[in-house]
Structures are given as structure tokens and as C-alpha cells.
Amino acid sequence: MSHSHLKPTVSHWITLWVLGLLWGCSFVLIKKGLVCFSPVQTASIRLGVASLAFLPFFIWHFKKINWQNFKYYAIVGLAGSGIPAFLFANAQTQVTSSVSGILNSLTPLFTFIFGIIFFKTQKSIRKLAGVLLGLLGASILILFGKDLGAAGHISYGLLIVMATMCYATSVNTVKRFLQDEDPIVLSAVAFQIIGIPALIVLLNTDFIGKFQLDQDAWVSFGYLALLAIIGTFIATILFFGLVQKTDALFGSMTTYIIPIMAVILGTLDGEVLGFYHGVGMAAILGGVYLSRK
1 MSHSHLKPTV SHWITLWVLG LLWGCSFVLI KKGLVCFSPV QTASIRLGVA SLAFLPFFIW
61 HFKKINWQNF KYYAIVGLAG SGIPAFLFAN AQTQVTSSVS GILNSLTPLF TFIFGIIFFK
121 TQKSIRKLAG VLLGLLGASI LILFGKDLGA AGHISYGLLI VMATMCYATS VNTVKRFLQD
181 EDPIVLSAVA FQIIGIPALI VLLNTDFIGK FQLDQDAWVS FGYLALLAII GTFIATILFF
241 GLVQKTDALF GSMTTYIIPI MAVILGTLDG EVLGFYHGVG MAAILGGVYL SRK
């Protein structure tokens, strides 16, 4: 049974806000992890811890897994979590958590674009106008935002744009091909696919040595473990369930809330926002609004 035409209920809206709050915290937690760990280690810890959290569910539900959908599980694992984790960790070596949160708002716009191109979603002039406005906002943010103004830093902003394209691919895949999958089973399989390689990568770095050399390593690790459990493990289950019960575009509306949380937390952590950040965020969120059904 498809749920794609059901009107979002109060519980769906509550879930949306909870997700926005959880993911809005992600960017500042990534920044705290990068204090002691490299981008590769930061991403690998996040994915590795999350995959370990999902492992009991993977074992418990093993018989429920539909292995014919393996390629879709792999797409969701790689595009929904694996690749973006590394892209964000690398980007945030040069981009503030506030800017990361704002650029992350491009997700529903790419969800719409990819939905039309690859997943046969309905198109409209209003949605297209929203996409163009959102992309204009992202361009302003990347080209003129204070934190991204230096020529060498533009590419770091583009890493986040690439991550939102990955998220859009994952969201559309879940809605089109994994509509009736149990969200916990889907999440558990997807994270075993990406988590095991992430742990192998992590153990082939100087990860263990960091704890002996840097007294703050445990603090950074704690932030990343929190990110993995709350911002990845719990949020992923909630998100897949929400997308299945509503639609891909409604699920990606968390991006209204995420940048607000990211900016508030970033500002509290000492980040400074300029005029172009405000203009860029307003254009992106305006674009998201126009692209809604």
C-alpha cells in the first residue's frame, strides 16, 4: 500500500521538527570532532559507531531482509549517509557549521530535480522557480559569504552541495523502491554495508594513537559518538519512516528547521554571520517553500 497521497498528520509534523533539531546539531558536533580527528577519522567514527548501534537490529531482523533489494540498500547507505559523512567532514575544515547547515537546505531542491529526471515525479513551473531561487541562494552563499570568500574555499562549499545531491538520491530511492520496507530493517542493512568498510578505514589510521597523544581525544570522540547515536542512528530510522508515510519532499522539509538550529548553535559557539549569509539563507528557504506541493 502506498502512503504517498496521505496528508501529513500532527505526529508527522512533530517527527519533522524532532529531525530538524537532531540534524541541526550535527554540524557543530562534526566541528567538535574535527578538533582532534582528521576528516576521514571523523566520518569513519560517525559511520562506524552508527553501524555498531544498528548491528543488533541487523541480526534480529536478518530473516526479514529482502536481498533482492540489495542494490537499493547500497544506494541508500552510500548516498544517504556514507558519502555525505566524508564530504561534510572535509568541508567543515574550511566552512563554519552555520554555513554547512544553511547549504544543507538544498536537499529538497535536488530531491525535486532528481525526482523529475530519474524517478518520474510530477513537475511544475512553481517548483522549478523554487529550485532556481534556492540555487541562486547557494551561489550567493558560496561566492560571497565571508567564510567561503577566498577562492580556495569555494570548493569546500561545493562539497556540501554534492552531499545534498547524495541525500536527494537516497530520499528518492527510498520512496520509489523501498516504500514498504521496515525503516529499522532498511537502516540496519544500509549501515552494515557502509559501516564495516568505515571501521576498517578507521583502524588503518592513527585513530588509537590519538587517545594516547591528545588528552582531548575522548571529548571529541564523545561528540562524534553522540552525533552517531542521535544524529545518525535515531534520526535515520525516524526519517525513513517519515518519508514512507508522507513523501520524499515532505521528508526533506526538515531543511527548514536544520539551518535555523545550525545557525543558533554556531553563533553560540562563536561563529559570526554576515549580510550574505542572511541573503543566501533567505533565498534557499524561499526556494524550498516554492518547491513544495
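Note that the numbering used here gives residue 29 to position 29 of the sequence shown, counting from 1, and the numbers run on in steps of one. Note that beta-carbon positions come from the ideal geometry of N, C-alpha and C, so glycine has one too. The model shown is predicted, which means the values in this text are computed figures rather than measured ones.
So which of PRO259, GLY286 and LEU285 has the shortest CA-CA distance to LEU273? The shortest C-alpha separation from LEU273 is found at PRO259.
Own chain residues within Cβ distance below 7 Å of ILE193, not counting five before or after: For ILE193, where only same-chain residues beyond five positions count, the Cβ hits under 7 Å are TYR73, ALA74 and GLY77.
With a 10 Å radius around its C-beta and 16 neighbouring C-beta atoms as the bar for buried, classify ARG126 as buried or exposed. Residue environment for ARG126: exposed (fewer than 16 other C-beta atoms within 10 angstroms of its C-beta).
Excluding the 5 residues flanking THR246 on each side, which residues of the same chain have their C-beta closer than 6 Å to its C-beta? Excluding positions up to five away in sequence, the list reads PRO8 and HIS12.
Less than 7 Å between C-beta atoms, sequence neighbours within five positions excluded: which residues of the same chain meet that for TYR223? LEU29, LYS32 and GLY33, listed in sequence order.
Report the rounded CA-to-CA distance for ASP216 versus CYS36, giving the unit in angstroms. If you take the alpha carbons of ASP216 and CYS36, they lie about 7 Å apart.
Go through its chain and collect everything with a Cβ distance to GLY80's Cβ below 6 Å, but skip five positions before and after it. Excluding residues within five positions, the ones whose Cβ falls inside 6 Å are SER170.
Can ALA50 and PHE233 be called in contact, C-beta distance under 7 Å? PHE233 sits close to ALA50, with the two beta carbons spaced by under 7 Å.
Look at ILE160 and SER100 and say whether their C-beta atoms are less than 7 Å apart. SER100 is positioned such that its CB atom lies closer than 7 Å to that of ILE160.
For ILE284 and ALA168, I'd like the C-alpha separation in whole angstroms. Straight-line Cα distance between these residues: approximately 16 Å.
Do ILE140 and GLY280 have their C-beta atoms closer together than 7 Å? Going by C-beta atoms, ILE140 is nearer than 7 Å to GLY280.
Less than 7 Å between the C-beta atoms of ILE65 and VAL189, yes or no? Their beta carbons are under 7 Å apart, which means ILE65 touches VAL189 by this criterion.
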